[in-house]
Amino acid sequence: MRFTISIRAAQDGWSVQGDTLENGMMFLSGAEAEIAARSLAQRYSDVGQPTEIEVFLRDGNLAGRYVSAPDLEAPNTA
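Each step along the sequence shown adds one to the number in my numbering, with nothing skipped, and position 68 is 249.
Encoded structure:
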């Protein structure tokens with residue numbers, strides 16, 4: 182199973198939502214939101230969980246996807 186994290190425009194900035202986030206995170210800039218999403222995806226990847234980040238433009242269109250895949254040769258610390 183792959184987790185999904187999405188970055189979307191919000192009224193006063195950008196939101197980061199995810200399968201495992203009970204409450205989303207809010208950021209003033211898209212860059213801050215992307216840094217937080219990539220950091221979260223890396224933490225999931227470090228424990229063997231593949232994660233996809235979806236980045237949406239202000240108009241709602243998908244701008245891009247990033248996949249954070251676990252390093253299969255690294256020991257699993259989960």
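Every residue gets a Cβ at the ideal spot worked out from N, C-alpha and C, and that includes glycine.
The straight-line gap separating the alpha-carbon atoms of VAL228 and MET182 is approximately 13 Å.
In the three-state reduction of the DSSP assignment, GLY229 falls in the coil class. The distance from the Cβ of GLN198 to that of SER210 is about 17 Å, inconsistent with a contact at the 8 Å cut-off. Following the DSSP letters along the chain, one finds THR185 inside the beta strand (DSSP E) bounded by residues 184-191. For ARG239, the secondary structure class from DSSP, reduced to helix, strand or coil, is coil.
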